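Structure record follows, encoded as structure tokens.
Numbering (the working numbering), first residue to last: 7 to 194.
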């Protein structure tokens with residue numbers, strides 16, 4: 007069957023629509039990258055305070071180790087911006103700012119000890135879950151856009167965030183939550 011001019015026109019519109027959609031996705035992708043780089047930089051400022059406020063030495067050490075991991079993640083993001091030929095200037099991330107403020111409130115409103123440590127873990131895990139969602143989405147966008155090298159970089163960061171979340175969960179389940187509960191019972 008021979009194609010008609012109408013069929014050729016539809017095919018041309020489909021190609022144009024796909025190109026426009028891809029360009030729209032690329033813009034969203036870059037916008038989300040700017041959001042997460044801002045978030046990571048803000049976190050770099052907040053993590054030392056969280057480590058300082060943790061009374062459990064293992065928790066403080068885990069947070070301090072995550073500072074170095076986060077620095078590497080920022081470098082990876084800067085590499086991604088370079089690959090894309092885009093500015094690495096971040097875009098204010100209201101979500102991360104809110105999560106950091108929540109963590110600061112917990113530290114201000116609780117006394118030093120296991121309850122504060124449990125609160126620091128709670129705030130930290132909320133941050134990790136935000137990062138896991140962000141990096142998972144960004145990696146999927148990168149794969150869709152055919153940016154496999156960038157997707158691999160984002161997937162490496164995603165794996166680090168999942169590992170950090172696992173470490174926090176282990177700390178909570180293995181000791182800190184129980185110590186916090188014991189502290190509550192001692193006060194009754």
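Don't be surprised by glycine CBs; every beta carbon is placed ideally from N, CA and C. Just so it is clear, the structure is predicted and the values come from calculations on it, not from any experiment.
Rounded to a whole number of angstroms, what is the C-alpha to C-alpha distance between residue 149 and residue 88?
-> One Cα belongs to residue 149, the other to residue 88, and the distance between them is close to 18 Å.
Counting only runs of 4+ residues fully inside the segment 96-162, write out the alpha helix (DSSP H) ranges in chain order.
-> As far as the segment 96-162 is concerned, its whole alpha helix (DSSP H) runs of at least 4 residues are 100-115 and 120-150.
With 16 other Cβ atoms within 10 Å as the buried cut-off, status of residue 105 | With 16 or more Cβ atoms within 10 Å of its Cβ, residue 105 is classed as buried.
Compute every distance between the C-beta of residue 69 and the non-hydrogen atoms of the ligand GTP, then say whether any falls below 7 Å.
-> With respect to the ligand GTP, the structure shown offers nothing to examine, as it has no ligands at all.
Buried or exposed: where does residue 135 fall if 16 or more other Cβ atoms within 10 Å of its Cβ makes it buried?
-> That one is exposed.
On the three-state DSSP scale, how would you describe residue 92?
-> Reduced to three states, the DSSP call for residue 92 is coil.
Hey, would you say residue 140 sits closer than 8 Å to residue 65, going by beta carbons?
-> Going by beta carbons, residue 140 and residue 65 fall outside the 8 Å limit.
Which of helix, strand or coil DSSP assigns to residue 181 | Residue 181 falls in the helix class under three-state DSSP.
Which whole-angstrom value is the C-beta distance of residue 70 and residue 52, which I expect to be below 8 Å?
-> Contact check for residue 70 and residue 52: beta-carbon distance about 13 Å, past the 8 Å limit, so the pair fails to qualify.
Could you give the DSSP three-state label for residue 61: helix, strand or coil?
-> In the structure shown, residue 61 adopts coil according to DSSP, grouped into three states.
Rounded to the nearest angstrom, how far is the Cβ of residue 102 from that of residue 49, given a contact under 8 Å?
-> Contact between residue 102 and residue 49 is confirmed by a C-beta separation of about 7 Å, below the 8 Å threshold.
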